[in-house]
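Taking this note's numbering, I'd label the letters of the sequence shown as residues 8 to 574.
Note that beta-carbon positions come from the ideal geometry of N, C-alpha and C, so glycine has one too.
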Amino acid sequence: MKRFFGKSGIAAAGTAILLAAIVTACSGGGGNSGTAAPKANNTAAESQPEKKEPPKAAGAPVTFAMSEVINPEQVTNFNPFLATGNWNTIFDYMFDPLLYFNPVKGNLIPRLAEKEGTWSGDQKTYTVKLNMKAKWHDGQPLTTDDVLYTFNALKDNKVLDRYLLWDKNRLQEVSAEGKDTIVFKLGDKFPSLPYYLTTVSIVPKHQFEKENPTTFLNKTPIGTGTFKYKSLNDSAIILEKNPDYFLGAPQIDQLQVSRFNNSSTLTLALEKGDVQMSAGTLAMPSVPKLLENPNNKMQVYPGLSTYAVIMNNEKPGLSDQAVRKAIQQAIDRKDLIEKGESNGVFPANPGFLSSVFGEMTNSKLLDDPAFGFNKTAAAKSLEDAGYKKNAKGIYEKNGKPLSFTYHMAANAPAQNKEGAMITQWLKEVGIETTVKLVTWPELTKLLMSGDYDLLQNGLNTPPDPQASLEVFHSKMTAPTGTNTPGLNYMRFKDADVDKWLDEAASADPAKRKELYFLIQQRIAEKAPIAVMYNVGGHVPYRVESFTGYNESLPVYSALSLKDVKKK
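See below:
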């Protein structure tokens with residue numbers, strides 16, 4: 008399949024700089040600072056060819072202990088259709104999509120698909136052949152009916168179709184040809200489709216058809232994935248190897264995901280060797296100490312998560328572009344990254360698009376002083392718009408002060424530190440905030456309903472520039488008080504952005520780039536969101552007891568963990 012975006016030298020150089028900053032802060036330690044150029048097709052190593060399970064050695068089962076901050080609200084269901092009530096990373100281990108997006112190299116890897124699909128001549132039909140060696144964990148074979156059920160569940164239940172795959176110019180029909188082929192028919196050209204397919208975990212029809220997929224809690228999940236669900240308790244999620252995994256059985260017998268309630272205790276467990284890895288959560292100020300031990304490594308790469316101060320553009324005050332621009336200019340992104348994240352993340356683009364999208368990203372916006380930290384310019388933005396300081400030093404207009412509730416996550420030391428920095432900067436430019444701490448799941452609920460003013464959180468998008476920028480399409484939002492169908496939690500609306508996005512969805516690569524640059528410029532100017540930094544991975548892992556980590560993939564991914572083994 009022809010690719011229409013790739014990872015640029017910006018991303019590769021950024022990875023090297025970040026790792027250098029981390030490693031030079033300590034004596035010893037190290038890591039792989041190189042990121043290879045993207046490829047249209049997966050390499051043999053990445054495609055994970057089927058291999059026979061080696062004879063099991065005598066002795067105790069091999070358990071690999073990884074870790075993550077997982078609250079009780081994140082284990083209420085194991086339904087991959089649902090956006091809340093679960094720890095999303097778990098689905099990579101238990102289920103498979105048709106295709107997997109590898110954020111380290113920016114390429115697609117077949118999972119349930121035998122290989123990447125093929126386009127028809129008019130580019131309105133995409134055909135995927137399934138890997139019929141796949142089986143469900145209960146022993147039943149994967150069938151085309153499972154795939155059809157999964158995609159039609161999105162069609163029949165709009166609340167599940169978070170990225171609007173079923174849209175007038177997108178999916179019109181999903182059908183089967185024979186016993187091993189799926190055909191996706193589109194309303195118009197939509198070259199992003201393969202990347203959107205990576206967001207959909209295929210579920211077993213024989214289990215889900217008996218339930219309502221919008222409310223099913225799936226307490227005994229059945230997938231096709233690398234690991235099978237075994238049990239859940241207050242301290243861990245326990246998965247066991249799938250010896251029949253069609254891409255090759257794992258080398259470890261059990262994957263234990265230890266549950267922590269904060270990043271500090273998780274990091275301490277890593278330092279002590281009680282766990283071997285986290286899925287990315289880490290007390291970032293502890294990075295230099297962690298890497299003093301040569302047994303500890305860190306994988307860093309840009310990605311699809313942008314942390315930001317998300318603003319409800321419908322709320323009084325925040326509906327004013329001048330106020331949003333002042334908030335954007337009040338945030339010192341360089342200081343946040345250095346002091347809050349120990350240089351373990353990447354600068355975020357004011358136009359929102361991550362550097363992982365290469366030439367489609369308008370990287371010049373990163374250094375444009377118009378969108379950078381400048382408290383004097385922030386105050387001028389407000390004064391030019393008619394705001395004046397009151398006796399408390401807070402800007403107001405028509406007797407209404409710029410005073411907002413600021414939500415952020417509880418039990419998140421780095422986030423809390425960064426929130427304190429941001430709210431202090433806002434105070435210094437004349438904007439008042441009242442901080443409220445809530446759980447991560449509660450943050451998502453507030454975003455969806457619009458019951459917030461300012462909210463500090465990350466936005467995770469599908470691995471495609473169109474999907475990423477469609478966060479700002481008006482079709483992805485809803486009025487405050489109604490849950491959004493997509494990720495436009497900002498309630499942002501701009502007729503030009505809508506038009507440009509609609510045109511870009513079926514345009515050729517050159518035209519797409521032109522339109523994406525227009526959109527990014529408009530987003531930076533309108534400031535519906537004040538970006539902080541971009542996160543792909545800053546993944547710590549230990550190497551004294553286990554080997555086989557594949558750094559051409561996220562090391563915590565199912566495809567990498569499949570080949571990890573005891574030394």
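Member of the options whose CA lies at the smallest distance from the CA of residue i
i: Lys434; options: Met455, Gln336, Leu115, Lys136; result: Gln336
i: Arg331; options: Glu75, Gly544, Leu409, Asp342; result: Leu409
i: Asn302; options: Lys573, Lys574, Leu568, Val550; result: Val550
i: Tyr523; options: Ala511, Ala531, Glu532, Asp515; result: Ala511
i: Asp509; options: Phe479, Asp99, Val542; result: Phe479
i: Pro486; options: Tyr203, Glu477, Arg498; result: Arg498
i: Gly194; options: Ala514, Ser513, Lys175, Thr440; result: Lys175
i: Trp126; options: Gln473, Pro198, Lys279; result: Pro198
i: Thr233; options: Asp163, Glu218, Pro250, Lys500; result: Pro250
i: Asp103; options: Ala315, Glu184, Leu204; result: Leu204
i: Ala430; options: Ser362, Ile334, Lys371; result: Reading off the sequence, residue 430 comes out as Thr, not Ala. That would be Ile334, whose Cα lies nearest to the Cα of Thr430.
i: Lys186; options: Asp152, Phe215, Asp168, Val166; result: Asp152
i: Lys387; options: Thr134, Val436, Arg177, Tyr548; result: Val436
i: Leu106; options: Lys131, Asn138, Asn84; result: Asn138
i: Ala417; options: Asp515, Thr70, Val76; result: Val76
i: Lys341; options: Thr484, Asp374, Ser362, Gly230; result: Asp374
i: Lys165; options: Ala514, Met483, Lys506; result: Met483
i: Trp94; options: Tyr100, Val82, Met101; result: Val82
i: Glu439; options: Gly400, Gly465, Phe253; result: Gly400
i: Glu247; options: Lys304, His144, Met305, Arg118; result: His144
i: Val190; options: Phe223, Gln130, Ile245; result: Gln130
i: Lys506; options: Pro535, Gln473, Gly488, Gly493; result: Gln473
i: Gly365; options: Arg519, Arg118, Thr70; result: Arg519
i: Gly426; options: Gly465, Pro448, Gly406; result: Gly465
i: Ala534; options: Asn319, Tyr394, Gly128; result: Asn319
i: Ile604; options: Pro448, Thr70, Asn268; result: With the chain running from 8 to 574 in the structure shown, residue 604 is simply not present.
i: Ser481; options: Asp503, Lys136, Ala398, Thr468; result: Asp503
i: Ile229; options: Glu403, Lys142, Trp173; result: Lys142
i: Asn78; options: Val442, Asn268, Tyr548; result: Asn268
i: Pro421; options: Gln463, Trp173, Ala517, Glu299; result: Per the sequence shown, residue 421 should be read as Ala rather than Pro. Taking only the C-alpha atoms, the option nearest Ala421 is Gln463.
i: Pro68; options: Gln261, Leu224, Thr446, Leu372; result: Gln261
Residues bridged to residue i (per DSSP)
i: Lys407; result: Lys404
i: Arg549; result: Asn303
i: Gly185; result: Answer is none; Gly185 lacks a bridge partner.
i: Thr440; result: Phe411
i: Ala416; result: Val445
i: Ser238; result: Ile245
i: Ile317; result: Leu462, Ile536
i: Leu193; result: Leu178
i: Ser312; result: Asn467, Val542
i: Pro148; result: Lys142
i: Ala396; result: According to the sequence as given, residue 396 is Lys; it is not Ala. According to DSSP, Lys396 bridges with Tyr402.
i: Phe479; result: Beta-bridge pairing links Phe479 to no other residue.
i: Thr70; result: Gln261
i: Pro354; result: Tyr540
Cβ separation of residue i and residue j, assumed to be a contact under 8 Å, to the nearest whole Å
i: Leu343; j: Met415; result: Wrong, their Cβ atoms sit about 13 Å apart, outside the cutoff.
i: Arg266; j: Ser238; result: The Cβ separation is near 12 Å, so there is no contact.
i: Phe378; j: Pro357; result: 4 Å
i: Thr132; j: Lys192; result: 5 Å
i: Pro470; j: Tyr170; result: Contact doesn't hold; Cβ gap of about 11 Å is too wide.
i: Phe411; j: Leu461; result: 5 Å
i: Gly488; j: Ser456; result: 7 Å
i: Asp327; j: Trp432; result: About 19 Å separates the two Cβ atoms, so there is no contact after all.
i: Gly544; j: Gly310; result: 6 Å
i: Leu494; j: Phe359; result: So it is not a contact: roughly 11 Å between Cβ atoms.
i: Pro323; j: Lys396; result: Actually they do not touch by this definition, with Cβ atoms about 18 Å apart.
Residue-chain proximity (residue i, chain D), Cβ-Cβ < 7 Å
i: Asn159; result: No chain D appears in this structure, which consists of one protein chain only.
Subject >> Uninterrupted beta strand (DSSP E) stretches inside the region 248 to 292 (no shorter than 3 residues) >> reply: 261 to 267
Original post:
What alpha helix (DSSP H) runs, 4 residues minimum, are completely inside the region 74 to 136?
Top reply: 97 to 101
**OP:** Could you tell me which uninterrupted alpha helix (DSSP H) segments, each at least 4 residues in length, are contained entirely in the region 494 to 572, listed from first to last along the chain?
**Re:** The region 494 to 572 contains, as complete alpha helix (DSSP H) runs of 4+ residues, the segments 502 to 511, 516 to 533, 565 to 568 (chain order).
Original post:
Would you call the region 277 to 285 and the region 107 to 116 touching, i.e. three or more CB-CB distances under 8 Å?
Top reply: no
Original post:
Does the count of Cβ pairs from the region 146 to 160 and the region 339 to 354 closer than 8 Å reach three?
Top reply: no
**OP:** Specify whether the region 531 to 540 and the region 311 to 322 touch according to this definition: at least 3 beta carbon pairs, one from each stretch, less than 8 Å apart.
**Re:** yes
Subject >> Every unbroken alpha helix (DSSP H) within the region 194 to 238, with a cutoff of 4 residues, ordered by chain >> reply: 200 to 204, 212 to 215
Original post:
For the region 565 to 572 against the region 246 to 262, are there 3 or more C-beta pairs whose distance is under 8 Å?
Top reply: yes
Original post:
At a cut of 8 Å, does the region 268 to 281 reach the region 290 to 297 through at least three beta carbon pairs?
Top reply: yes
Original post:
Below 8 Å, can you find three or more Cβ-Cβ pairs linking the region 559 to 566 to the region 516 to 536?
Top reply: no
Original post:
Does the region 84 to 96 come close enough to the region 209 to 227 to have 3 or more Cβ pairs within less than 8 Å?
Top reply: yes
Original post:
Using 8 Å as the threshold, is the region 176 to 183 in touch with the region 213 to 224, meaning 3 or more CB pairs across them?
Top reply: no
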